[in-house]
Amino acid sequence: MTFGAFLRILTFGFTFAWACNKPAYSATPRTLDDANVFTYYNFVPGGSSINWTTCGRTGGSSGCFGSGSIGPFAGPCAIMEGKPTTSGNTLNQYVYVVEASTTGFQYAVLDIYQKQDVINGSDTPSMSLVRRINLNLKVGLKTACFMAGGPRYIFIGTVLSARAMRFDTVTQKLVAEGSNSVPTGLVSQITADARGFVTINYTHGMTTAVDFYDPDGNLTQSGGGSAFEPNSSTGVQLR
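For the sequence shown, our numbering gives the first residue as 1016, with consecutive numbering after it.
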């Protein structure tokens, strides 16, 4: 065998071995650059709309990307954001607002908005109303109300109601949850922890009671007292 033939065989062997052991190319899915994007809200008591502004930083820019308002409302009393989801380059998130009914102001209404952030270097935010649901809870223009929950179930009540409503964010169905303690009272507070465990407090004169629900919306315990569920995002007001 000539030296040139030996080199050709050696070169072929190295080339074949490199080709066989070369890792297959795998495209890494692009993640949505939304980690540093946030939306804050502003409401003036007695007003009829809630203003929102989206700010933050993406890979292409930083600052405030857009703003707007939702409403008009009749005595809005609680607002809550749902769990965000992503689809392609769009961040989707529902925003829930409880307000008095526009027809007589006797019963509460749940307004569901969809917030979208289209992120492509910068961010193009928007907010639109997708549904209104009658809650059948007594409320007035200045009535305090409560809303708390987890990834799937949201519990809503007012200080004029002897029960809370459990809203399923997946099926969009409402279930009435009355106090399981005796004597029954009016809803005085609803709190939830980060996992979706919920407590509903009731007050009847000097008597207090509390019901406990798990993240699947099931009643797990009830009794006297005024226990609550703190979480890692918002402190529970103690006085």
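Virtual Cβ for every residue (Gly too), placed ideally from N, Cα, C.
The structure presented is a predicted model; accordingly, all values stated were derived computationally and were not measured.
Count the other CB atoms, across all protein chains shown, that sit within 10 Å of the CB of R1045; report buried if there are 16 or more and exposed otherwise.
Because R1045 sits at a pLDDT of 49, beneath the cut-off of 50, its placement in the model cannot be relied upon, and the following sentence gives the value as read from the coordinates. R1045 counts as exposed, since fewer than 16 other C-beta atoms from the protein chains shown sit within 10 angstroms of its C-beta.
Could you please give me the residues that DSSP links to A1093 through a beta bridge?
Paired residues: V1113.
Note down, in chain order, each residue of its chain lying with its Cβ closer than 6 Å to the Cβ of D1208, except the 5 sequence neighbours on either side.
E1244 and N1246
Using alpha carbons as the reference points, say which of N1149, V1145 and Y1122 lies closest to Q1131.
Among N1149, V1145 and Y1122, the Cα nearest to that of Q1131 is on V1145.
In terms of alpha-carbon separation, which member of G1083, C1160 and M1142 lies closest to A1115?
C1160
Who are M1162's beta bridge partners in DSSP?
I1171
Would Q1236 be called buried (16 or more neighbouring beta carbons within 10 Å of its own) or exposed?
Exposed: under 16 other Cβ atoms inside 10 Å.
Go to K1153, then tell me how far its beta strand (DSSP E) extends in each direction, as first and last residue.
Taken as a continuous stretch (DSSP letters only), the beta strand (DSSP E) holding K1153 covers S1137 to K1153.
Check for me: the beta strand (DSSP E) holding R1181 runs from which residue to which?
R1181: member of the beta strand (DSSP E) spanning R1178 to D1183, first to last residue.
How many angstroms separate the CA atom of A1050 from the CA atom of G1220?
46 Å
For V1213, does the three-state DSSP call read helix, strand or coil?
The answer is strand: DSSP assigns V1213 an E or B state.
Tell me the rounded alpha-carbon separation between G1238 and T1105.
Roughly 44 Å between the two C-alpha positions.
Buried or exposed for D1231, going by 16 or more other Cβ atoms inside 10 Å?
Label assigned to D1231: exposed.
Following the continuous beta strand (DSSP E) through T1069, name the residue where it begins and the one where it ends.
I1065 to R1072
Whose C-beta lies closer than 6 Å to the C-beta of V1112 among residues of the same chain, with five residues either side of it excluded?
P1091, I1094 and D1126
List the whole-angstrom C-beta distance separating L1201 from V1225, where the pair is believed to meet the contact cut-off of C-beta under 8 Å.
With 8 Å as the limit, L1201 and V1225 do not qualify as a contact, their Cβ atoms being about 13 Å apart.
Of the choices C1070, R1210 and P1087, whose alpha-carbon is the least far from that of C1079?
C1070
Using 10 angstroms around the beta-carbon of Q963, count the other beta-carbons present and answer buried if the total reaches 16, otherwise exposed.
Past the edges of the chain, shown from 1016 to 1254, lies residue 963, and the structure says nothing about it.
When burial is assigned at 16 or more other CB atoms within 10 Å of the CB, is T1206 buried or exposed?
buried
Give the straight-line distance between the Cα atoms of Y1128 and I1085, rounded to the nearest whole angstrom.
8 Å
Can you grab the Cα-Cα spacing for the pair F1170 / A1191, in whole Å?
9 Å
In angstroms with no decimal places, state the Cα-to-Cα distance between V1052 and R1072.
Whole-angstrom Cα-Cα distance: 6 Å.
With a Cβ-Cβ cutoff of 8 Å, do K1098 and P1140 count as a contact?
no
Rounding to the nearest angstrom, what Cα-Cα distance links T1068 and G1081 in this structure?
6 Å
Can you tell me whether G1083 is helix, strand or coil according to DSSP?
strand
Beta-carbon within less than 6 Å of G1136's beta-carbon, same chain only, minus the 5 sequence neighbours each way: which residues are those?
G1075
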